[in-house]
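With the first letter of the sequence shown counted as 1, position 30 gets the number 30 in the numbering used here; the numbers rise by one all the way through.
Backbone N, C-alpha and C define an ideal beta-carbon position, used for all residues, glycine too.
Because the structure is a prediction, the values reported are computed rather than measured.
Below is one structure, written out as structure tokens; comments come after it.
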Amino acid sequence: MLAGMSTQLTSYYDGPDLTGRVRDALRDAGVDPERLRIEDLAAMDQFHALGLPATLALAELAELKPGERVLDLGAGIGGPARVLAERFGAHVTAVEPTERFRRLAAQLNAATGLTDKIDLVDAHGHALPFDDESFDLVWTQAVLPNVADLAPVAAEAHRVLASGGRWALGEIVAGPGGELYFPVPWADGPKESHLLAPESLRTTLERPGFAAEVWEVGPAALAPAAAHAAAQPEETRPLPDIGLIMPDRDARMAGLGRNLAEQRFAPLVAVLRRAP
Numbered sequence: 001m002l003a004g005m006s007t008q009l010t011s012y013y014d015g016p017d018l019t020g021r022v023r024d025a026l027r028d029a030g031v032d033p034e035r036l037r038i039e040d041l042a043a044m045d046q047f048h049a050l051g052l053p054a055t056l057a058l059a060e061l062a063e064l065k066p067g068e069r070v071l072d073l074g075a076g077i078g079g080p081a082r083v084l085a086e087r088f089g090a091h092v093t094a095v096e097p098t099e100r101f102r103r104l105a106a107q108l109n110a111a112t113g114l115t116d117k118i119d120l121v122d123a124h125g126h127a128l129p130f131d132d133e134s135f136d137l138v139w140t141q142a143v144l145p146n147v148a149d150l151a152p153v154a155a156e157a158h159r160v161l162a163s164g165g166r167w168a169l170g171e172i173v174a175g176p177g178g179e180l181y182f183p184v185p186w187a188d189g190p191k192e193s194h195l196l197a198p199e200s201l202r203t204t205l206e207r208p209g210f211a212a213e214v215w216e217v218g219p220a221a222l223a224p225a226a227a228h229a230a231a232q233p234e235e236t237r238p239l240p241d242i243g244l245i246m247p248d249r250d251a252r253m254a255g256l257g258r259n260l261a262e263q264r265f266a267p268l269v270a271v272l273r274r275a276p
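Here it is as structure tokens:
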């Protein structure tokens with residue numbers, strides 16, 4: 001969740017504390033909530049299509065290296081941040097303005113032994129509390145559809161990136177099929193959803209001084225993640241899933257599937273580079 005969101009969307013993300021609910025669900029699944037692995041959480045903490053495989057594929061596409069400083073904008077409950085820290089050796093600053101998401105993220109970071117590798121920050125993307133050129137990589141996944149005014153977020157991403165730094169995006173864009181059906185995972189209705197056409201999104205993102213090195217829209221955007229998913233062992237444990245976090249999950253996922261099938265939105269993966 002980032003700046004520029006409506007009051008309706010804020011209420012969509014607000015809700016009761018999640019820490020106890022998640023702890024109980026993990027225990028019910030036979031998992032010690034104080035000693036967790038990334039795989040124990042993957043069905044619940046990745047708020048985007050294809051989940052953990054998509055996060056792994058995007059990090060590889062961005063050529064993330066051990067020790068790099070990553071800024072995760074709209075970090076949710078910290079799923080991608082934990083993957084980038086554990087699997088790729090990054091130090092992640094996870095920006096998330098939703099208090100209950102930060103509280104749960106802190107609990108899960110501690111249980112996975114990653115507290116020292118992830119900093120949780122209450123901030124908004126349009127006014128980041130960081131010095132210029134503080135990061136090597138900006139990261140967004142399933143965030144931009146909630147941003148009503150993307151221009152200041154792009155400007156801030158450019159400001160805090162080091163010269164030659166990258167912005168990795170796993171997002172969705174407006175498709176040729178027409179207006180969305182609602183609800184969807186990121187919104188109850190059109191006032192909360194801000195999809196841009198691919199060309200408009202690219203223009204907005206590049207304006208502050210970025211150049212797209214990778215820009216894939218449609219099925220090609222999902223191919224690397226699908227390859228990861230095919231190679232991933234099947235999970236047979238009844239682990240907690242996104243339904244613990246997302247209200248009305250079944251209706252939202254049905255809307256997502258219909259919109260995708262009718263090309264009302266399209267997946268996008270991109271890597272932008274900040275000009276020296």
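Looking at the structure shown, is residue i part of a helix, part of a strand, or coil, going by DSSP?
i      : result
Gln263 : coil
Ala49  : coil
Gln107 : helix
Ser200 : helix
Leu137 : strand
Arg166 : strand
Phe210 : strand
Asp32  : coil
Val184 : strand
Leu18  : coil
Arg237 : coil
Ala127 : strand
Arg273 : strand
Ala3   : Only weak support exists for where Ala3 lies, its pLDDT of 43 falling under 50; the value from the coordinates is given anyway. Coil, per DSSP.
Gly189 : coil
Thr112 : coil
Asp149 : coil
Leu195 : coil
Let me make sure I understand the geometry here. Which of the options has the alpha-carbon closest to that of residue i?
i      : options                        : result
Asp119 : Arg100, Ala85, Asp132          : Ala85
Ser134 : Pro145, Phe265, Glu156, Val147 : Glu156
Gln232 : Phe265, Leu56, Leu36, Leu272   : Leu56
Glu234 : Arg21, Ala43, Leu36            : Ala43
Thr204 : Leu144, Glu60, Phe130          : Leu144
Trp167 : Ala270, Leu114, Leu195         : Ala270
Pro183 : Ala251, Ala197, Ala25          : Ala251
Glu171 : Glu39, Arg37, Leu58, Asp32     : Leu58
Leu18  : Leu161, Ala227, Leu104         : Leu104
Arg102 : Ala54, Ile245, Leu256          : Ile245
Ala54  : Arg274, Pro267, Pro276, Ser193 : Pro267
Ala90  : Leu71, Glu99, Ala106           : Leu71
Glu34  : Glu60, Glu68, Leu260, Ala110   : Ala110
His228 : Gly20, Val217, Gly51           : Gly51
Leu64  : Arg207, Arg87, Arg37, Pro185   : Arg87
Leu169 : Glu60, Pro276, Ala261, Ala275  : Glu60
Ala142 : Pro208, Ser200, Ile242, Trp186 : Trp186
Would you list the residues sitting across from residue i in a DSSP beta bridge?
i      : result
Val121 : Val95
Glu86  : Note: Glu86 sits in no beta bridge, so no partner.
Val217 : Leu268
Glu171 : Leu268
Val160 : DSSP output for Val160 lists no bridge partner at all.
Val70  : Val92, Leu137
Less than 8 Å between the CB atoms is what I'm expecting for residue i and residue j, so what's the real figure, rounded?
i      : j      : result
Leu137 : Ala62  : 6 Å
Arg264 : Gly189 : Incorrect: roughly 14 Å between the Cβ atoms, too far for contact.
Val153 : Gly175 : No, Val153 and Gly175 are not in contact; Cβ-Cβ is about 22 Å, not under 8 Å.
Leu73  : Val95  : 5 Å
Leu239 : Ala81  : Not quite, the Cβ-Cβ distance comes to about 19 Å (not below 8 Å), so this is no contact.
Gly20  : Asp45  : Actually they are not in contact, since the Cβ atoms of Gly20 and Asp45 sit about 16 Å apart, beyond 8 Å.
Val214 : Pro198 : With a Cβ gap of about 13 Å, Val214 and Pro198 do not count as contacting.
Glu192 : Asn146 : 7 Å
Measuring only from the beta carbon, is residue i closer than 7 Å to any heavy atom that is part of the ligand ZN?
i     : result
Phe88 : Absent from the structure shown: the ligand ZN. Ligands present: none.
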